[in-house]
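Right, one structure below, let's go through it.
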Amino acid sequence: MKFKTILGSTLIGITLILLTMSSTVTQAHISSQNTGITLDVDPIFIEEMNIIAGKDSAALVQLIVLGESAPTIASNSLFASVENWLFIASDQANYLPYLNRRPFRAADNATLILEIDGALGATGSLAKAVQISILFSTYYDVGLFWSGADKLLNNNYIYYFTGGMESAIFYTLITEIKTDVGTGFASLLDPATVSGAPVKAVVIGEGFIEGRILPVRGVFYVDATAITGTSNYTMSTDTLFGTPVVAKTDSIYSTLKFKFPYTINPIEISPSTDNFAPQITGKMDWLLKTPWTSTKPAQDYYVIFNINHAELISAPRVSVNMAYDQDMLNNDGRLQMDYVVENTGTEDATDIVISYQVGEDIVNLINDDITMPAIKPEIYLDESAHIEFDATVTLAVDGNLDTVLPSDTYNQVVLVLEGWYRWVANGSLVDFNPGLTDVELDSDSVEIVVGLESSTVAMTVDLHCVNGTSNILVATAQSVLDEINILEYTPLTISGIFEDYKAKLAEGVKTAGELLKILIYYDKQIFNQDLTDFELISKPTRV
2 MKFKTILGST LIGITLILLT MSSTVTQAHI SSQNTGITLD VDPIFIEEMN IIAGKDSAAL
62 VQLIVLGESA PTIASNSLFA SVENWLFIAS DQANYLPYLN RRPFRAADNA TLILEIDGAL
122 GATGSLAKAV QISILFSTYY DVGLFWSGAD KLLNNNYIYY FTGGMESAIF YTLITEIKTD
182 VGTGFASLLD PATVSGAPVK AVVIGEGFIE GRILPVRGVF YVDATAITGT SNYTMSTDTL
242 FGTPVVAKTD SIYSTLKFKF PYTINPIEIS PSTDNFAPQI TGKMDWLLKT PWTSTKPAQD
302 YYVIFNINHA ELISAPRVSV NMAYDQDMLN NDGRLQMDYV VENTGTEDAT DIVISYQVGE
362 DIVNLINDDI TMPAIKPEIY LDESAHIEFD ATVTLAVDGN LDTVLPSDTY NQVVLVLEGW
422 YRWVANGSLV DFNPGLTDVE LDSDSVEIVV GLESSTVAMT VDLHCVNGTS NILVATAQSV
482 LDEINILEYT PLTISGIFED YKAKLAEGVK TAGELLKILI YYDKQIFNQD LTDFELISKP
542 TRV
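The sequence shown begins at 2 in the numbering used here and counts up by one.
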């Protein structure tokens, strides 16, 4: 993980901090500009810890935490116009006995960096910055004084304050972080251990990350006795923290990493890592919690190793390169991944397992045998086709009741097809009978007697289409219309038969659509696992 402060304006306007979480889980940026990008998870909480082997038995502990409640001091009303801010306590001058370089790029003693809304103007923003520096001086018992200022490309103002501090400030800041964050990696911090470390730096602040303002906390300290042993060495979280490590319950990402800046010969790594070839790279990554993995239980994370270079001279060294065919994925919906594995070492490489983590959602899709409709190969879609179906419902009354119950006709376009399917063989419309442009779907009649008067009432439904009529549509419409029994109507209710016929026609169209889908489409599997589709090539290794 890299945590950089950038002092002064930059060409891209990122003027306060650039925080890069160079891990397998995420990349986030703190900048002075609200880009409007919003993560789909709320609230956001991300924690990442790096344990980096140093000189002799020393190791550097790096912890970055994004999210949770803001530092208590930020509740002051003076922060209303503050866009980004950082407060840094640093004591890193004595790094050489333990590390090759300073762990955090910041001057020793206390530093306060403030980015203030340009709407306040130069005078107003300076007055606000001075007031906040006085607040920090009193709150943390530091002697801050003004050391620089600049106007940013976004017209905001940035101010720098530095000054002396008491060593007790580290104890205060770690205690505050543990209180604000609570569980997770922050709970592993011991205020006395960090305060007494020969090299340490603590950072608190707030900044825009992915379009929203989030609390930011960073802790960097050296544990001079982190690596134990004489010939076989152990680097362990139990040794560092004295308690099992577990992710914070509400975290989005929680990652732990061991890093060795020199070549080691690992004897045992526990638990199994989530990155490739930790024995070769000297990097052990564990994903304790991600959106696509289950949370790992509380446990000790450790590596046992030695520095047996004679043994390391003779060893397999495996390189793995992966590629996939983007055109095949786009056109055929098939993901083909090609791996090239080569042993570039001097010994045989055995028991190599290659895996590609696709995530819980993809696994569920594969296990559930998810399919999608696809047009049958003997059919194609003619997007230019325009087909309309008209339905006519006629009520004919013949007899003495025609004055009481007059004849009537209802006509409506019941279906419009913008595009339709044709057979590849001859180009004709699928399921259409071009010679049958008019068809009678239903015809019913009944004699109605009222007193001494009687009449014959007849209902007919006709379907018309200049392109011919669909066989399935005709059959389903006739089937549902047969359900209407004209004998169930009386002279007073017979007029309602039009709405009933209209509803039945709609039902027939829907049913026909479901049957036509079966005729035209088939269920195509989204994932087609072909476990035999592998090519294995063997060749001698280089010696």
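Glycine residues also receive a C-beta, built at the ideal position from the N, C-alpha and C atoms.
Item	Value
Nearest to Glu419 by alpha carbon, out of Val425, Glu384, Val398?	Glu384
Checking 9 Å against the spacing of the C-beta atoms, do Ile114 and Tyr160 come in under that value?	yes
Flag this pair as yes or no: are the beta carbons of Asn85 and Gly206 separated by less than 9 Å?	yes
For Ile527, collect the residues of the same chain with a Cβ closer than 8 Å to its Cβ; drop the 5 residues on either side in sequence, then sort them by chain order.	Gly334, Leu366, Ile371, Thr372, Met373
Start and end of the alpha helix (DSSP H) containing Gln132?	122-141
What do you get for Lys525, buried or exposed, if any count of 16 or more other CB atoms within 10 angstroms of its CB means buried?	exposed
Can you say whether Ile178 is buried or exposed, counting buried as having 16 or more other CB atoms within 10 angstroms of its CB?	buried
Among the residues of its own chain, which have a CB less than 6 Å from the CB of His30, if the five just before and after it don't count?	Interpretation of His30 is limited by its pLDDT of 31, a score under 50 that renders its predicted location unreliable; the figure taken from the coordinates is listed afterwards. For His30, where only same-chain residues beyond five positions count, there are no Cβ hits under 6 Å.
In terms of DSSP beta bridges, what is Leu288 paired with?	Thr256
Ends of the beta strand (DSSP E) at Phe88?	83-92
Could I get the ranges of all uninterrupted beta strand (DSSP E) runs contained in the segment 186-232, with 3 residues as the minimum, in chain order?	201-210, 213-224, 228-230
Identify which residue in Val319, Glu361, Met460, Val204 has its Cα closest to the Cα of Thr347.	Val319
Taking the runs of the beta strand (DSSP E) that are 3 residues or longer, which of them lie wholly in the segment 472-508?	none
Please list, in chain order, all residues of the same chain as Leu190 whose beta carbon is under 8 Å from its beta carbon, the five residues on each side excluded.	Leu64, Ile175, Ile178, Lys179, Val220
Counting C-beta neighbours from all protein chains within 10 Å, is the total for Ser273 16 or more, i.e. buried, or is it exposed?	exposed
Determine the direct distance from the alpha carbon of Asp439 to that of Leu464, and round the result to whole angstroms.	6 Å
Do Gln300 and Val247 have their C-beta atoms within less than 9 Å of each other?	yes
Check this for me: beta carbons of Ala513 and Ala478, under 9 Å apart or not?	yes
Just curious, the alpha helix (DSSP H) that Phe80 is in, first and last residue?	No alpha helix (DSSP H) holds Phe80; DSSP gives it neither H nor E.
Give me the Cα-Cα distance between Ser237 and Ile133, rounded to the nearest whole angstrom.	41 Å
Counting only the same chain and skipping the five closest in sequence on each side, list residues whose C-beta sits under 7 Å from that of Asn51.	Met2, Gln63, Lys258, Lys260
What do you get for Arg218, buried or exposed, if any count of 16 or more other CB atoms within 10 angstroms of its CB means buried?	buried
Can you list, in chain order, the residues of its chain whose CB lies under 6 Å from that of Asn412, leaving out five sequence neighbours each side?	Thr393
With burial defined as no fewer than 16 other Cβ atoms inside 10 Å of the residue's Cβ, what is the status of Ser1: buried or exposed?	The requested residue 1 does not occur in the structure, where the chain is confined to residues 2 to 544.
Can Glu389 and Val481 be called in contact, C-beta distance under 9 Å?	no
Would you kindly check if the distance between the Cβ of Asn95 and the Cβ of Pro199 is under 9 Å?	yes
Quick check on Asn157: buried or exposed, where buried means 16 or more other Cβ atoms within 10 Å of its Cβ?	buried
Indicate whether Gly165 and Val143 have their beta-carbon atoms separated by less than 9 Å.	yes
Using 10 angstroms around the beta-carbon of Phe146, count the other beta-carbons present and answer buried if the total reaches 16, otherwise exposed.	exposed
With distances taken from CA atoms, which of Tyr140, Leu474, Ile485, Pro292 is nearest Asp445?	Ile485
Between the Cα of Asp239 and those of Val304, Thr282, Val415, Asp326, spot the shortest distance and give me the residue it belongs to.	Val304
Compare the Cα-Cα distances from Lys152 to each of Ala120, Ile170, Thr139, Val417 and report the closest residue.	Ala120
Which same chain residues end up closer than 6 Å to Gly509 when comparing Cβ atoms and leaving out the 5 residues on each side of it in sequence?	Thr477, Ala478, Val481
Give the straight-line distance between the Cα atoms of Leu517 and Tyr254, rounded to the nearest whole angstrom.	48 Å
Do you know whose CA, among Leu382, Ala225, Glu441, Lys201, lies nearest Ala111's CA?	Lys201
Rounded to whole angstroms, what is the Cα-Cα separation between Pro435 and Ile376?	22 Å
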